[in-house]
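Protein chains: 2
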Amino acid sequence: MSRLFLRTLREDPADAEFRNHKLLVRAGYIRRVAPGGFAWLPLGLRVKAKIETVVREEMDAAGAQEVHFPALLSAEPYKTTGRYADYGDDIFTLEDRKGVEYVLAPTHEEAFALLVKDLYSSYKDLPLSIYQIQEKFRDETRPRAGLMRGREFTMKDAYSFDIDDEGLDASYDLQRAAYERVFRRLGLEYAIVSAHAGAMGGSRSEEFLHPTPIGDDTFVRSSGGYAANVEAFRTLPPAPREIAGLPAATVFDSPDTPTIATLVALLNDRHPRGDGREWTAADTLKNVVLALTHTNGERELVVVGIPGDRDADLKRAEAAFFPAAVEAATEADFAAHPVLVKGYIGPWSAAGPVLGGSSTSGIRFLVDPRVVEGTEWVTGANEPERHVLSLVAGRDFENDGVAEVAEVRAGDPAPDGSGPIELARGTELGHVFALGRKYADALGLQVLDRNGKLVTVTMGSYGIGISRVMALLAEANSDDKGLAWPRSVAPFDALIVAAGKDEALFEAAERIGRELEQRGADVLVDDRRISPGVKFKDAELIGVPTVVVVGRGLTDGVVEVWDRAADTRSEVALVSVVDRVAALLEG
Amino acid sequence: MSRLFLRTLREDPADAEFRNHKLLVRAGYIRRVAPGGFAWLPLGLRVKAKIETVVREEMDAAGAQEVHFPALLSAEPYKTTGRYADYGDDIFTLEDRKGVEYVLAPTHEEAFALLVKDLYSSYKDLPLSIYQIQEKFRDETRPRAGLMRGREFTMKDAYSFDIDDEGLDASYDLQRAAYERVFRRLGLEYAIVSAHAGAMGGSRSEEFLHPTPIGDDTFVRSSGGYAANVEAFRTLPPAPREIAGLPAATVFDSPDTPTIATLVALLNDRHPRGDGREWTAADTLKNVVLALTHTNGERELVVVGIPGDRDADLKRAEAAFFPAAVEAATEADFAAHPVLVKGYIGPWSAAGPVLGGSSTSGIRFLVDPRVVEGTEWVTGANEPERHVLSLVAGRDFENDGVAEVAEVRAGDPAPDGSGPIELARGTELGHVFALGRKYADALGLQVLDRNGKLVTVTMGSYGIGISRVMALLAEANSDDKGLAWPRSVAPFDALIVAAGKDEALFEAAERIGRELEQRGADVLVDDRRISPGVKFKDAELIGVPTVVVVGRGLTDGVVEVWDRAADTRSEVALVSVVDRVAALLEG
Chain P
1 MSRLFLRTLR EDPADAEFRN HKLLVRAGYI RRVAPGGFAW LPLGLRVKAK IETVVREEMD
61 AAGAQEVHFP ALLSAEPYKT TGRYADYGDD IFTLEDRKGV EYVLAPTHEE AFALLVKDLY
121 SSYKDLPLSI YQIQEKFRDE TRPRAGLMRG REFTMKDAYS FDIDDEGLDA SYDLQRAAYE
181 RVFRRLGLEY AIVSAHAGAM GGSRSEEFLH PTPIGDDTFV RSSGGYAANV EAFRTLPPAP
241 REIAGLPAAT VFDSPDTPTI ATLVALLNDR HPRGDGREWT AADTLKNVVL ALTHTNGERE
301 LVVVGIPGDR DADLKRAEAA FFPAAVEAAT EADFAAHPVL VKGYIGPWSA AGPVLGGSST
361 SGIRFLVDPR VVEGTEWVTG ANEPERHVLS LVAGRDFEND GVAEVAEVRA GDPAPDGSGP
421 IELARGTELG HVFALGRKYA DALGLQVLDR NGKLVTVTMG SYGIGISRVM ALLAEANSDD
481 KGLAWPRSVA PFDALIVAAG KDEALFEAAE RIGRELEQRG ADVLVDDRRI SPGVKFKDAE
541 LIGVPTVVVV GRGLTDGVVE VWDRAADTRS EVALVSVVDR VAALLEG
Chain R
1001 MSRLFLRTLR EDPADAEFRN HKLLVRAGYI RRVAPGGFAW LPLGLRVKAK IETVVREEMD
1061 AAGAQEVHFP ALLSAEPYKT TGRYADYGDD IFTLEDRKGV EYVLAPTHEE AFALLVKDLY
1121 SSYKDLPLSI YQIQEKFRDE TRPRAGLMRG REFTMKDAYS FDIDDEGLDA SYDLQRAAYE
1181 RVFRRLGLEY AIVSAHAGAM GGSRSEEFLH PTPIGDDTFV RSSGGYAANV EAFRTLPPAP
1241 REIAGLPAAT VFDSPDTPTI ATLVALLNDR HPRGDGREWT AADTLKNVVL ALTHTNGERE
1301 LVVVGIPGDR DADLKRAEAA FFPAAVEAAT EADFAAHPVL VKGYIGPWSA AGPVLGGSST
1361 SGIRFLVDPR VVEGTEWVTG ANEPERHVLS LVAGRDFEND GVAEVAEVRA GDPAPDGSGP
1421 IELARGTELG HVFALGRKYA DALGLQVLDR NGKLVTVTMG SYGIGISRVM ALLAEANSDD
1481 KGLAWPRSVA PFDALIVAAG KDEALFEAAE RIGRELEQRG ADVLVDDRRI SPGVKFKDAE
1541 LIGVPTVVVV GRGLTDGVVE VWDRAADTRS EVALVSVVDR VAALLEG
């Protein structure tokens, strides 16, 4: 340790928000050297290498083969697949001295597909799964979360190539199972959540989220095992109801009702329900006007009817209308569509249908999944200061489809019937995508099938954020005093501290270290000529799981074995300490 | 092998010039995926990893500690040290979304110096040697030589930090010795040549060159052990001679002597020597006019007097005048300096001194080391169609210094007295630089010394081109049929070929493979259902050192052990083949 490239710090770095970031810097694992760029110091590099070994072993066991690509790639294929435009400012681009455009690859779908196209040509060559562990680049706007969100970060990215959907399913399942083994071996809690594929495209997609209060994702889960990220959550629709016998739609005056709350108050005051309960916001239908910008640049106004007790969730709307961009309609949009009577919008008016494919406006009208046939709503009558009562879905208005735009709430039923959901925060550890043929189509990746016919290959893409995994392991395995690594990734198995000034303490510490190394352990000896107090503070900060303190007791043939995580200490006879620690390492 | 991500090719890639490049592509080790960028396929990645392990072990043994830096770094520190301008178009630069400038680091002197400045502050922290194995980026103009000159390539770069010159010497020697061990372990021939420090700066610099006809560097070596690259070669100056008694300088008419050869012919015709030998070009002094562009942008004309039998070598001139840029003087330069009578330039004229600090022209006059005091020359008289005989150095003209601008020739004496030199071609494997304080000064890297005084740290920089080493190992260990790896870096220790159709052959091959793996060997089994001829061709191409052929002999309990490099085959009893091969692996 007297020669280790290490400087521990007592003060938190000014720019660090999360405990893992603060501790990894203070304990000398990483050091910021660029915005979103960290130097890996010797301790940090050891932990990262151990995580990589776990990932590599599980990839290999799943039949994936390791390769390595350049990070600097021609921009051309990224333009072909559309990702160049999709990523926009989020990726780094540059030109070489001849003006040829390059990207610093954020992920390698295009490059892997082109390599397989270059080398393989037959169904006999498939299935194939290949992966790399590599530095990736993204131009993060505010890279402040340490290793959790860097501009240059380490990632394992794997890609599978199959001749048909069944093959892709099998490859996907192999990677998914490998991910479960990786996170179990690392001792990192995870939830597998259904995800929206987004810019990656594809049919099936799941995120491995680590539940943590510092997470930047919100996800939902039920006690019965359902999990999804908020964008992918599917509302459980109620059963349709009988329309016959429902009261007729009735327009009523509703002055001074700028909000749902004022509308509900007016209803309870002037139009009390006959069934003994009060009107609530959930009885109203809120018609949210969204402006979509399609990928061809066309702007389209759509209206989505959602229960009035819920707000629209723009991220869910983006997922619902992907790949179009979504925003709230502007004043200009309303001005361009005078048919929409702002504040009193509804699909129906006394004069006839206002919204939907069969209306004269032609504005699409989509509804929340809860707006099933036979449900009765209070909503705008599409004339100033008037609403309508008992507007019945399937009788008084039609829809052009269902859209999941309403916010998700704790207590909502999970779609698989596994009970009410709760909302939790998490951070993405990994992501598995069944990409399908999007990339292979764009790049012409075809092989000959059994009948000698050219068929397009179907792909999967599977990433694990290695540096982020390290950050989350640090967060989960630490306390106010410092880190406390699990054995699977600790930079050293044991730290031997010579605690005192006597030369005999140093000799004994060195000897214990040597003997443990002969037993196959990675050992760090604190041989610095500084006070024991500083050494103990550093030991707590650095977080090697087992600390052997060689101190005053040595004259009585006794040393102390300190379990950093449990913070328990026990006296052990000098003669048996090597056996004791070796046994701990073997678990 | 039936599942290995591998496609061997019978045809050489169109863009490959060198055997290593052709074979590494054909044998499925690498594949071009960008200009100067290669994907490492599974076989190639294995070899590279083995080279990296050797380098890492020797770095660790030399007390260097591994770290890892981002490749994407702020341009600012590179501007501070001047390297941003020095590299110019040779490095990739880019801007982030906010317009901040970045470089893809070609090497990391600045970043390492800043990290040490950030963390360390005392002489007690030094010496320190830290290294990384990392992808580097350079914008090569014509990246055509495969792994020998890529735009993205793997490099080990180490940096040492010392408090004083003795410390730097010791750190330098440790790295230098580690390099020797690395190349010896890899079985790669090397010459350590004195080098010119160039853009890196510093006092002491040596290149590790691999002598090879495909090398892009020329270097000199003597049988007595001297070696230097051409830029660093120092001419052995003759002893000064007695001036007294030499004939006086005599101007003579020399019409129609546009070249040295015509001048020599005229001399022998009209002014024969009295000593029985003929005039030769070596008796004449050629005055080469060079235009220097200094780093501040100033242009300066200098004249260098070199023996007339040698041409000027612009690369040596660049090293001599570093950091100025050097080119031959242009017509415009001559027009601006009418004192120079083109074709008849000389330091002396009948009217007085023409060149040198004491002349009225003020044009600097430098001389070749052979132009020592008392040497007699025939040179221009600085008037049209006239030369001068018996112009004596130190009597008739002075110089402003010595400049190594003349070409180096086979047969020139080595400066250390170790005999005549020869010229050889080689490629740089590694480079060790005693940088001194250039970077530390520029970046303010200081620590407190023993007396509490701030002193500037002195640095060394030490690089090995990992991917280039792999290319040169492939070049040196191959023949027309394919690669033939040394055991130290082979992708597998043994290849077991099932040669035939009988299921028993495949079972036996698998069994031998398994048993060898249990003995700790890395084994590849060729279990493909294709003809033995194709398998043998692939075995020769891929170059695993030991091939076990399980073929027809199996029914008699015999297999064949084939040494790929020696191309020797021997029959071995099935029951003893595992022992035999395991013994080969242990050497």
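Heads up: the sequence lines are chains P and R, in that order.
Numbering-wise (my numbering), the first sequence opens with residue 1 and increments by one.
Numbering-wise (my numbering), the second sequence opens with residue 1001 and increments by one.
Note that beta-carbon positions come from the ideal geometry of N, C-alpha and C, so glycine has one too.
Quick caveat: nothing in here was measured; it's all calculated off a predicted structure.
Assuming residue i and residue j form a contact by the criterion Cβ under 8 Å, report the distance between their Cβ atoms to the nearest whole angstrom.
i: residue 1269 of chain R; j: residue 1405 of chain R; result: That belief does not hold up - the Cβ atoms of residue 1269 of chain R and residue 1405 of chain R are roughly 30 Å apart, past 8 Å.
i: residue 1240 of chain R; j: residue 1370 of chain R; result: No, residue 1240 of chain R and residue 1370 of chain R are not in contact; Cβ-Cβ is about 11 Å, not under 8 Å.
i: residue 431 of chain P; j: residue 460 of chain P; result: That belief does not hold up - the Cβ atoms of residue 431 of chain P and residue 460 of chain P are roughly 11 Å apart, past 8 Å.
i: residue 1165 of chain R; j: residue 1107 of chain R; result: Not quite, the Cβ-Cβ distance comes to about 22 Å (not below 8 Å), so this is no contact.
i: residue 581 of chain P; j: residue 546 of chain P; result: 6 Å
i: residue 975 of chain R; j: residue 1203 of chain R; result: The structure shown has nothing for residue 975 of chain R, since chain R only spans 1001 to 1587.
i: residue 1028 of chain R; j: residue 1045 of chain R; result: Their Cβ separation, rounded to whole angstroms, is 11 Å, which puts residue 1028 of chain R and residue 1045 of chain R out of contact at 8 Å.
Go to residue i, then tell me how far its alpha helix (DSSP H) extends in each direction, as first and last residue.
i: residue 1578 of chain R; result: 1577-1585
i: residue 1466 of chain R; result: 1466-1476
i: residue 171 of chain P; result: 165-186
i: residue 530 of chain P; result: Neither: residue 530 of chain P is in no alpha helix (DSSP H) and is coded neither H nor E.
i: residue 404 of chain P; result: Looking at the DSSP string, residue 404 of chain P is not in any alpha helix (DSSP H), and its letter there is neither H nor E.
In this structure, what does DSSP give as the bridge partners for residue i?
i: residue 101 of chain P; result: P:95
i: residue 1032 of chain R; result: R:1038
Less than 8 Å between C-beta atoms, sequence neighbours within five positions excluded: which residues of the same chain meet that for residue i?
i: residue 1071 of chain R; result: 1104, 1105, 1134, 1135, 1136 and 1137
i: residue 1186 of chain R; result: 1051, 1054, 1469, 1473, 1486, 1488 and 1489
i: residue 33 of chain P; result: 39
Closest Cβ-Cβ distance between residue i and chain P: below 8 Å?
i: residue 1015 of chain R; result: no
i: residue 1492 of chain R; result: no
i: residue 1101 of chain R; result: no
i: residue 1097 of chain R; result: yes
i: residue 1123 of chain R; result: no
Could you spell out where the beta strand (DSSP E) holding residue i opens and where it closes?
i: residue 1021 of chain R; result: Note, residue 1021 of chain R: premise wrong, no beta strand (DSSP E); alpha helix (DSSP H) at 1019-1026.
i: residue 1112 of chain R; result: Per DSSP, residue 1112 of chain R belongs to no beta strand (DSSP E); it is in the alpha helix (DSSP H), 1109-1119.
i: residue 1136 of chain R; result: 1128-1137
i: residue 1043 of chain R; result: Unbroken run through residue 1043 of chain R is the alpha helix (DSSP H), 1042-1061; no beta strand (DSSP E).
i: residue 1289 of chain R; result: 1285-1293
i: residue 1260 of chain R; result: Unbroken run through residue 1260 of chain R is the alpha helix (DSSP H), 1260-1270; no beta strand (DSSP E).
With 8 Å set as the bound, which would you pick, yes or no: does the beta-carbon of residue i sit closer than that to a beta-carbon of chain R?
i: residue 193 of chain P; result: no
i: residue 573 of chain P; result: no
i: residue 65 of chain P; result: yes
i: residue 21 of chain P; result: no
i: residue 68 of chain P; result: yes
i: residue 323 of chain P; result: no
i: residue 120 of chain P; result: yes
I'd like the list of long-range same chain contacts for residue i, defined as Cβ closer than 7 Å, with 5 residues on each side in sequence excluded.
i: residue 1210 of chain R; result: 1188, 1189, 1190, 1426, 1427, 1429 and 1472
i: residue 1317 of chain R; result: 1290, 1326 and 1405
i: residue 1354 of chain R; result: 1339, 1346, 1347, 1348, 1361 and 1382
i: residue 1121 of chain R; result: 1447 and 1448
i: residue 1273 of chain R; result: 1279
i: residue 1455 of chain R; result: 1163, 1446, 1447 and 1449
i: residue 1504 of chain R; result: 1554
Can you name, in chain order, every residue of its own chain whose Cβ lies under 6 Å from the Cβ of residue i, other than the five neighbours on each side?
i: residue 1415 of chain R; result: 1234 and 1236
i: residue 1526 of chain R; result: 1001, 1497 and 1535
i: residue 481 of chain P; result: 540
i: residue 1094 of chain R; result: 1102
i: residue 152 of chain P; result: 37, 135 and 137
i: residue 442 of chain P; result: 80 and 81
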